[in-house]
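Asker:
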């Protein structure tokens with residue numbers, strides 16, 4: 130029911146946002162650093178944000194008040210993205226807000242420890258200073274993951290449908306994993322998020338009538354990180370599964386970022402150096418590129434995830450058996466994770482070289 134409502138609400142608001150963007154002249158014009166050929170409105174991702182907040186965020190927070198910080202983080206990331214869609218902001222301002230959102234997400238955990246450190250000290254058999262340091266390191270890691278996920282998904286939102294289709298896939302995988310690990314409420318939330326994105330897709334793919342904008346891409350990056358965190362306590366195989374599900378975007382964005390940094394480029398500035406952008410420059414249509422990334426998900430990610438989680442197919446009624454055999458799945462899961470990312474990095478490198486040759490050949494004609 131909530132999924133259907135999220136889909137309908139997102140679709141209706143996306144349609145309305147097209148007219149709003151045109152009236153406010155929120156238009157992305159074709160240019161050297163962009164992959165589209167026609168002026169296109171931006172900011173349609175606000176529809177996804179509103180649908181998720183009304184159908185998932187606020188209801189969960191009303192039921193569990195300790196979730197309000199998550200809602201606040203979503204609103205903050207959406208707000209800075211919405212402002213940036215109206216008038217571009219400095220990268221430092223955006224990053225500061227992203228880090229603030231990450232701090233808001235992690236702060237309740239840290240404050241809970243500071244309010245009652247004895248329980249954690251007894252559970253982990255450590256001193257106050259050692260455990261506090263561990264919490265701070267964990268907070269830094271959580272912050273890095275959140276900020277990178279927000280910006281990664283922003284970087285990958287450069288052609289019609291790519292981010293929306295990928296987000297639906299990742300939310301679907303997370304829903305299955307969460308359901309399998311005994312978290313039906315979180316799984317249902319992931320399904321509703323996927324439905325909200327699906328309501329946006331008809332206006333963005335195969336030919337975009339509106340772009341998601343920073344307001345949508347940033348929030349999707351935050352949501353994927355937050356839902357993925359729900360599997361942190363479920364063992365190595367579960368965490369590896371989350372990383373594998375996100376591999377298409379993580380490989381392209383991370384490899385491109387490192388490549389630009391090594392060449393002394395400003396990594397935060399707009400460019401067309403991701404593999405998906407090179408594929409378009411080499412002559413593929415946006416739909417063909419989305420098809421290639423979807424092919425990776427269906428023919429590499431899904432079989433690997435099926436294999437990993439089949440190793441963990443332990444009945445929930447026997448937790449002691451599951452605990453004893455969990456290490457048997459951890460080794461293969463880590464090998465699979467390394468294999469998927471190794472293959473992805475190899476294909477990224479080969480794909481960019483092939484695209485560069487094709488672009489040069491087209492330039493000589």
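Numbering (the working numbering), first residue to last: 130 to 494. Cβ atoms here follow ideal geometry from the backbone N, Cα and C, with glycine treated the same way.
(1) Run through the region 354-432 for me and flag every whole alpha helix (DSSP H) of 4 or more residues, listed as ranges in chain order.
(2) Answer with buried or exposed for residue 394, where buried requires no fewer than 16 other C-beta atoms within 10 angstroms of its C-beta.
(3) Grouping DSSP H, G and I as helix and E and B as strand, with all else coil, what is residue 480?
(4) Looking at the structure shown, is residue 335 part of a helix, part of a strand, or coil, going by DSSP?
(5) Going by CA-CA distance only, name the one from 353, 147 and 166 that's closest to residue 329.
(6) Please check the pair residue 348 and residue 178, which I expect to be a contact at CB under 8 Å, by giving their CB distance rounded to whole angstroms.
(7) In the region 186-263, which residue ranges form an unbroken alpha helix (DSSP H) of at least 4 residues, counting only runs that do not cross its ends?
(8) Quick test of the definition: if touching needs 3 or more C-beta pairs under 8 Å, does the region 319-326 touch the region 150-158?
(9) Rounding to the nearest angstrom, what Cα-Cα distance links residue 437 and residue 307 in this structure?
(10) Taking the alpha carbon of residue 174 as the reference point, which residue from 188, 201, 158 and 207 has its own alpha carbon closest?
(11) May I ask you to verify whether the region 130-140 touches the region 256-268, counting CB pairs closer than 8 Å and requiring at least 3?
(12) Excluding the 5 residues preceding and the 5 following residue 189 in the sequence, name in chain order all residues of the same chain whose CB lies nearer than 6 Å to its CB.
(13) DSSP puts residue 157 in a beta bridge; with which residues?
(14) Rounding to the nearest angstrom, what Cα-Cα distance links residue 302 and residue 374 in this structure?
(15) So, using beta-carbon positions, are residue 376 and residue 286 closer together than 7 Å?
(16) Drop a sphere of 10 angstroms on the beta-carbon of residue 475, count the other beta-carbons inside from all chains shown, and report buried for 16 or more, exposed for fewer.
(17) Pull up the distance between the alpha-carbon of residue 501 and that of residue 226, whole angstroms please.
(18) Report the option in 415, 462 and 420 whose CA atom is closest to the CA atom of residue 434.
(19) Under DSSP, the alpha helix (DSSP H) around residue 148 begins and ends at which residues?
(20) Pick from 310, 224 and 402: whose alpha carbon is nearest that of residue 362?
(21) Considering only residues of the same chain and omitting the five flanking positions on each side of residue 135, which have a CB-CB separation below 6 Å?
(22) Exposed or buried, residue 354, counting other C-beta atoms within 10 Å across all chains shown (16 or more means buried)?
(23) Closer than 8 Å is the cut-off here; do at least three beta carbon pairs connect the region 399-412 with the region 217-231?
(24) In the DSSP assignment, the alpha helix (DSSP H) including residue 328 goes from what residue to what residue?
(25) Less than 7 Å between the C-beta atoms of residue 157 and residue 334, yes or no?
(26) Would DSSP call residue 282 helix, strand or coil?
(27) Could you spell out the range, first to last residue, of the alpha helix (DSSP H) harbouring residue 70?
Answerer: By the coordinates alone:
(1) Counting only runs of 4 or more, we get 365-374, 376-391, 404-410 and 415-425.
(2) For the purposes of this step, residue 394 is taken as the residue at position 265 of the chain shown. Residue 394 should be labelled exposed.
(3) Along the chain shown, read from residue 1 onward, the residue named residue 480 stands at position 351. Three-state result, residue 480: helix.
(4) Reading the chain shown from its first residue, position 206 is the one you call residue 335. Taken through DSSP and simplified to helix, strand or coil, residue 335 comes out as coil.
(5) For this step, residue 329 is matched to residue 200 along the chain shown. The residue with the shortest Cα to Cα distance from residue 329 is 147.
(6) As a working mapping, residue 348 is identified with position 219 in the chain shown. As a working mapping, residue 178 is identified with position 49 in the chain shown. The pair is a contact, with the Cβ atoms about 5 Å apart (cut-off 8 Å).
(7) 187-192, 197-215, 220-244 and 246-253
(8) no
(9) As a position in the chain shown, residue 437 is number 308, starting the count at 1. As a position in the chain shown, residue 307 is number 178, starting the count at 1. Cα-Cα distance, rounded: 15 Å.
(10) For the purposes of this step, residue 174 is taken as the residue at position 45 of the chain shown. If we check each option's Cα against that of residue 174, 207 comes out closest.
(11) no
(12) Stepping through the chain shown from its first residue, residue 189 is reached at position 60. Excluding positions up to five away in sequence, the list reads 196.
(13) Along the chain shown, one-based indexing puts residue 157 at 28. According to DSSP, which records beta bridges pairwise, residue 157 is partnered with 169.
(14) Walking along the chain shown from the start, residue 302 turns up at place 173. Walking along the chain shown from the start, residue 374 turns up at place 245. Their Cα atoms are separated by approximately 7 Å.
(15) Within the chain shown, the letter at position 247 stands for residue 376. Within the chain shown, the letter at position 157 stands for residue 286. Not in contact: residue 376 and residue 286 (Cβ atoms no closer than 7 Å).
(16) Numbered from its first residue, the chain shown carries residue 475 at position 346. Classification for residue 475: exposed.
(17) The shown model of the chain, from 130 to 494, leaves out residue 501, and the question about it has no answer.
(18) What you label residue 434 is simply residue 305 of the chain shown in a count that begins at 1. When only C-alpha atoms are compared, the closest one is 462.
(19) To locate residue 148, count along the chain shown from 1; it is residue 19. First-last of the alpha helix (DSSP H) with residue 148: 131-152.
(20) For this step, residue 362 is matched to residue 233 along the chain shown. If you compare the alpha carbons of 310, 224 and 402 with that of residue 362, the shortest gap goes to 310.
(21) Within the chain shown, numbered from 1, the residue matching residue 135 stands at position 6. Leaving aside the five residues that flank residue 135 on each side, the residues in its chain whose CB is nearer than 6 Å to its CB run, in chain order, 180, 184, 321, 324 and 325.
(22) Here residue 354 is taken as the residue at index 225 of the chain shown, counted from 1. The residue in question, residue 354, is buried, as its Cβ has 16 or more Cβ neighbours within 10 Å.
(23) Verdict: no, contact absent.
(24) Position 199 of the chain shown, counted from the first residue, corresponds to residue 328. 313-329 is the span of the alpha helix (DSSP H), which, as asked, contains residue 328.
(25) Within the chain shown, residue 157 is the residue found at index 28, counting from 1. Within the chain shown, residue 334 is the residue found at index 205, counting from 1. Judged by their CB atoms, residue 157 and residue 334 are not nearer to each other than the 7 Å cut-off.
(26) For the purposes of this step, residue 282 is identified with residue 153 of the chain shown, where counting begins at 1. The answer is helix: DSSP assigns residue 282 an H, G or I state.
(27) In the structure as shown, the chain starts at 130 and stops at 494, and residue 70 therefore has no counterpart that could be examined.
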